[in-house]
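Here's the structure we're looking at; comments come further down.
In mature numbering (1 follows the signal peptide of the UniProt record, and there is no 0), the protein residues as written are -24 to -1, 1 to 290.
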């Protein structure tokens, strides 16, 4: 991807206009022939997911889960398989962050406004994991520029738990009942598991001490599987979604100020669009039988990460 030639300027502009940045990583080990590299790094991420409940075409509930400033640890490896083929694997693990969840209900079908809302500032990210593996084919290269096309698979697993909070309910009139839950009282937990198959296009260009790189990918989730626990109601919901589109992008700028050290700014964006699926509702006390609802659930997911700092070669 050349930033000096008109025919590649559009691609460069497209990559840098992507509204996301990915965690970059320091090279820990590189083999003498440069065919194998292990890397690791640290960055920050914003992660959010939407949880939806439907009665036919009517949306009954929407829960907006989000964590900002998640500490993201990255580990990975890249290997040249032969002259034109390469493989890379990557793992991201997230922790901490500033969590938040809002739960809306639309229980009166004749009005558009929400009837119930609970807000949970004490929302914790229990875990976040994302792993991917990708095989790439070199379709163009010279001394400064490379362009690869590839295919891959990724898997994400994220879980939040919400505690305490406040509520506004509609009892006799709209929004007429205000109250709060006890601090630390367990309210709702939510977990998503997302397998995705994707196609990718990656480009890299070197200009003196700078290396500019970026990539785009698109694919389909095999269906988000989620588990939703409503602890105050002794209910657990198992949701199985249909396939949904996925889009992602990454971009990085690296500046080598010595032979073995560099400054970098880099990042990643990934979004799985909303899809609907079936629900199995379980009474966790065992007092009643399971219930099933066709197309009664929906879900989506998005992660954005950013990192900058020093990079070293070993």
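All residues carry an ideal CB built from backbone N, CA and C; glycine is no exception.
Residue 131 to residue 187 span [Cα, whole Å]
29 Å
How many Å lie between residue 127 and residue 69 at the Cα?
22 Å
By DSSP, does residue 207 sit in helix, in strand, or in coil?
helix
Do residue 196 and residue 225 have their CB atoms nearer than 8 Å?
no
Residue 107 versus residue 67: straight-line alpha-carbon distance, rounded:
4 Å
Would you mind reading off the limits of the beta strand (DSSP E) that contains residue 264?
Careful: residue 264 lies outside any beta strand (DSSP E) and carries neither H nor E.
Residue 114: which of 96, 63, 163 and 135 sits nearest, CA to CA?
63
Quick one: using the 10 Å Cβ neighbour count with 16 as the cut-off for buried, is residue 28 buried or exposed?
buried
Among 223, 227, 208 and 202, the one whose alpha carbon lies nearest that of residue 215
202
Please report the residue range of the beta strand (DSSP E) in which residue 227 lies.
220 to 232
Where does the unbroken beta strand (DSSP E) through residue 30 begin, and where does it stop?
12 to 31
Three-way DSSP call (helix, strand, coil) for residue 44 in this model
strand
Pick from 119, 146, 73 and 90 that is closest to residue 103, judged by C-alpha positions:
73
Can you give the Cα-Cα distance for residue 160 and residue 77, rounded to whole angstroms?
14 Å
Taking all protein chains shown into account, decide if residue 116 is buried (16 or more other Cβ within 10 angstroms of its Cβ) or exposed.
exposed
Ordered along the chain, which non-local residues of its own chain (more than five positions away) have a Cβ less than 6 Å from that of residue 212?
205, 258 and 260
Quick one: grab the DSSP three-state call for residue 157.
coil
Backbone secondary structure at residue 198 - three-state DSSP:
coil
Is residue 70 helix, strand or coil when you go by DSSP?
strand
Can you tell which of 173, 170, 189 and 172 has its C-alpha closest to the C-alpha of residue 179?
189
Cβ-Cβ separation, residue 173 to residue 217 (assumed contact under 8 Å), whole Å:
The pair is not a contact, with the Cβ atoms about 15 Å apart (cut-off 8 Å).
Cα-Cα separation between residue 230 and residue 283, rounded to whole angstroms
12 Å
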